[in-house]
Structures are given as C-alpha cells and as structure tokens.
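Residue numbers (full-length UniProt numbering): 1 to 132. Virtual Cβ for every residue (Gly too), placed ideally from N, Cα, C. Only one structure is covered here, and it is reproduced in the block below.
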C-alpha cells in the first residue's frame, strides 16, 4: 500500500485548511457490519447509511459509546451531548432515541437541525448517566 495518509489543501475565506485523508484496509470479518448499517440504493448504485430495524436488540452501553465517539460531541456550555444523525431519516432517528431510552433508560431528544435533518440530544440531567 502506498502512503495511506494524504493531505489536501482547502481554501476558505482568508484561510487555508489542511485536511488529512487516511486510507485503511478492511477485513472480511467486518462485512456483516457493513451489511447491517448500509443499504444499496439501486437507482444511484451507492450505499446509504441506515439504522437497522433491530437496533433496539443491538443497543447497549458500548453501541451508544461508539455512536457518540463517531458522530457526537459534548456541548460544554450546556453540558449536553449531541449526536449528529443528519444522514438518517426522522423515523430512524426516533428509533435510535427509543432504543436508547428503552435499553439504557437515558432520555434522548430528537431535534430538527435543518430541513429533513435530525439530531439526538442528551440533556445535562440525563448526561450524568453516560458517565456512570
């Protein structure tokens, strides 16, 4: 494999940012996870990220930790955790919120971020459960 790290200059208003692209290899043992979380769109011939229908069966503290680690952040000003689920449908985001509440007893709000894009928010009074 050639150098797996490549840099790309992105010019913004009065600033130049450098983005790094990291290419990694994949193992066949991970294909089942890809199949679980991505669906092929036959019209575009591209994969779309989905929430599995059985997410409630899969949800546990480790799954939530990975979700936050990959797509979340801590809003220190409000002491809340936000999970950016913009690529999912509203129904899928609601399924995630329900599974987190049902399996982990953590209330998670579904908030409209922009047109047809929804995020999950765990407010300060519930975020304490994340640290225990």
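Top-ranked residue by Cα proximity to residue 130, from 64, 88, 93
64
Coarse secondary structure for residue 57, derived from DSSP in three states:
Residue 57 falls in the helix class under three-state DSSP.
Do you know offhand how far residue 105's Cα is from residue 47's?
32 angstroms
Pull up the CB-CB distance for residue 103 and residue 56, whole angstroms please, since I reckon it's below 8 angstroms.
7 angstroms
Taking 7 angstroms as the limit between beta carbons, can you name the residues of its chain near residue 34, skipping five residues before and five after?
none
In chain order, what are the residue ranges of uninterrupted alpha helix (DSSP H) at least 4 long that sit wholly in the UniProt domain "Homing endonuclease LAGLIDADG" (14-129)?
Scanning the UniProt domain "Homing endonuclease LAGLIDADG" (14-129) for uninterrupted alpha helix (DSSP H) segments of 4 residues or longer gives 31-37, 55-58, 61-71, 90-104, listed from N- to C-terminal end.
Give the C-beta separation of residue 86 and residue 119 to the nearest angstrom, bearing in mind that I take them to be a contact with Cβ-Cβ under 8 angstroms.
Contact between residue 86 and residue 119 holds: CB atoms are separated by about 7 angstroms, below the 8 angstroms threshold.
With a threshold of 6 angstroms on Cβ separation, who are the neighbours of residue 41 within its own chain once the five nearest residues in sequence on each side are excluded?
48
So which of 28, 50, 69 has the shortest CA-CA distance to residue 94?
50
Nearest CA to the CA of residue 117: which residue from 84, 100, 124, 98?
84
Once you ignore the five residues that flank residue 109 on each side, which residues in its own chain have a CB closer than 6 angstroms to its CB?
121
Between which residues of its own chain and residue 68 is the CB-CB distance below 8 angstroms, once the five residues before and five after are set aside?
81, 83, 130
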